[in-house]
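Peer 1: One structure is given below, represented as structure tokens, and several questions about it will come after.
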Amino acid sequence: MLDEVQRAVRATAVPGKVATSIPALAGADPEGFGFAVAGLHRGEEVQGVGDWEVPFSVQSVSKVFTLALVLAADGDALWRLVGKEPSGSPFNSLAQLEREGGIPRNPFVNAGALIVTDRLQTLTGDASGALRAFLRTESGNPALDFDPRISRSEHQHAHRNAALANLLADYGRLDNPVPLVLDQYIRQCSLAMSCRDLALAARFLAHHGVCADGSRLLTRSEAKRINAVMLIGGTYDAAGEFAHRVGLPAKSGIGGGILAVVPGRCAVCAWGPALDGHGNSVAAITALDHFTTYTGWSVF
Ligand code: GLU
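Here it is, written out as structure tokens:
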């Protein structure tokens, strides 16, 4: 199946462009491709194909994990500050936030993710550190880390995210100072992880909230809610098209990764740096499309 997916991606010459909004991302090889599947059960090995063990910049894929940690620590309180609806606007829209009185549409648009990071900072005292510790444990990769080159580059071009954070602060939505929230957010986005790391780390979402060691991070219902929000808002302003084509909850990032969940079975991560007009990886969507067609696995 993995070879089949790789063949399909290599045979599909759809153009795409590597992200340039963070200049340090622009150097990624547009031909890069990786795909990994991690099963739920002990001894069920993670398997992959292509560059599946090569770390890339996770960017917005990190938002799934910060959301999980906040829900785990704080339950439903977050949903007073952040919505659960598709965005219908670009992921970094200031206009939408202003129009809707400072309540971000969902936790995956940048404004929503800044609130989630702020909550995690309040709950842990070190949002990005807590995130890294969790991901190291779940992926079994103690070397997993931030990429300072990427975070430096993002800091130099973070004007729009700074504007969003300031607008949120003006609405009284942040506990922590804007520079701290922004720094923690940029750091979490700069995590370098491979398809292997991400697929392993996301198994708890397929396992209804249960972590690799058998402990429960989330209630079954919280895990369901994260998957639901991934489905309606995890692939920017193209979540409908993605649901139509792939049929799985997923979260993408401008580093070219897409993490997808098959509830009850496995977590999957596909990567390829060239992006379509919505900011989703062309190769990763193609791979996930073939994966669900080949296996027949989807939530529908
Ligand atoms: N750090 C990026 C930003 O906030 C993440 C973009 C993304 O992957 O969606 O602009």
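Just so we're on the same page, the numbering used here is the position in the sequence shown counted from 1, plus 12. The C-beta atom is built at its ideal place from N, Cα and C for all residues, glycine as well.
Checking the sheet assignment: what are the DSSP bridge partners for residue 205?
Peer 2: 68
Peer 1: Check whether the Cβ atoms of residue 247 and residue 26 lie closer than 8 Å to each other.
Peer 2: no
Peer 1: Under 8 Å, Cβ to Cβ, is there at least one residue of chain C near residue 149?
Peer 2: Among the protein chains of the structure shown there is no chain C, as only one such chain exists.
Peer 1: If contact is defined by three or more beta carbon pairs under 8 Å, each pair taking one atom from either stretch, is the region 218 to 226 in contact with the region 188 to 197?
Peer 2: Contact annotation: the region 188 to 197 does not touch the region 218 to 226, with fewer than three C-beta pairs closer than 8 Å.
Peer 1: Using DSSP's beta-bridge definition, name the partner residues of residue 228.
Peer 2: 222
Peer 1: Contact between the region 84 to 103 and the region 118 to 125 is defined here as three or more beta-carbon pairs at a separation below 8 Å; is this criterion met?
Peer 2: yes
Peer 1: Please state the DSSP three-state secondary structure of residue 176.
Peer 2: helix
Peer 1: Between the C-alpha atoms of residue 155 and residue 264, what's the straight-line distance to the nearest angstrom?
Peer 2: 23 Å
Peer 1: Please classify residue 144: is it buried, with 16 or more other beta-carbons within 10 angstroms of its beta-carbon, or exposed?
Peer 2: buried
Peer 1: Got a sec: does the ligand GLU put a non-hydrogen atom nearer than 7 Å to the Cβ of residue 278?
Peer 2: no
Peer 1: Hey, would you say the C-beta of residue 196 is under 7 Å away from at least one heavy atom of the ligand GLU?
Peer 2: no
Peer 1: Let me know if residue 302 comes out buried or exposed under the rule of 16 or more other beta-carbons within 10 Å of its beta-carbon.
Peer 2: buried
Peer 1: How would you call residue 91, buried or exposed, if buried means at least 16 neighbouring beta carbons within 10 angstroms?
Peer 2: exposed
Peer 1: Touching or not, the region 29 to 47 and the region 282 to 300, by the rule of three or more beta carbon pairs under 8 Å?
Peer 2: Here the region 29 to 47 lies against the region 282 to 300, with 3 or more beta-carbon pairs under 8 Å apart.
Peer 1: Since residue 217 and residue 279 should fall inside the 8 Å C-beta cutoff, what is the C-beta to C-beta distance between them, to a whole number of angstroms?
Peer 2: 6 Å
Peer 1: Compute the minimum distance between the beta carbon of residue 317 and the heavy atoms of the ligand GLU, and state whether it is under 7 Å.
Peer 2: For residue 317 there is no data in the structure shown, the boundaries of the chain being 13 and 312.
Peer 1: Please determine whether the Cβ atom of residue 223 lies at a distance below 7 Å from any heavy atom of the ligand GLU.
Peer 2: no
Peer 1: Nearest by alpha-carbon distance to residue 50: which of 256, 59, 35 is it?
Peer 2: Check the Cα spacing between residue 50 and each of 256, 59, 35: the tightest is with 59.
Peer 1: Taking just the CA atoms, how far does residue 23 sit from residue 88?
Peer 2: Cα-Cα distance, rounded: 45 Å.
Peer 1: Is it right to say residue 41 is buried, meaning 16 or more other beta carbons lie within 10 angstroms of its own, or is it exposed?
Peer 2: exposed
Peer 1: Can you tell which of 85, 14, 110 has its C-alpha closest to the C-alpha of residue 63?
Peer 2: 14
Peer 1: Kindly list the residues whose CB is nearer than 7 Å to the CB of residue 129, restricted to its own chain and excluding five residues on each side of it in sequence; keep chain order.
Peer 2: 78, 139, 193, 196, 197, 200
Peer 1: Out of 271, 170, 253, point me to the one whose CA is closest to residue 33's CA.
Peer 2: 170
Peer 1: From this set, 43, 296, 259, which residue's C-alpha is nearest residue 308's C-alpha?
Peer 2: It is 259.
Peer 1: Decide if residue 133 is buried, meaning its Cβ has at least 16 other Cβ atoms within 10 Å, or exposed.
Peer 2: buried
Peer 1: Am I right that residue 71 and residue 267 are in contact with their C-beta atoms under 8 Å? What's the rounded C-beta distance?
Peer 2: 4 Å
Peer 1: If I follow the unbroken beta strand (DSSP E) through residue 52, where does it start and stop?
Peer 2: Counting along the chain, residue 52 falls outside any beta strand (DSSP E), and DSSP gives it neither H nor E.
Peer 1: I need the boundaries of the alpha helix (DSSP H) containing residue 162, first residue and last residue.
Peer 2: Counting along the chain, residue 162 sits inside the alpha helix (DSSP H) bounded by residues 160 to 168.
Peer 1: May I ask whether a heavy atom of the ligand GLU can be found less than 7 Å away from the beta carbon of residue 173?
Peer 2: yes
Peer 1: Using C-beta distances below 8 Å, list every residue in its chain close to residue 16, excluding the 5 sequence neighbours before and after it, in chain order.
Peer 2: 302, 306
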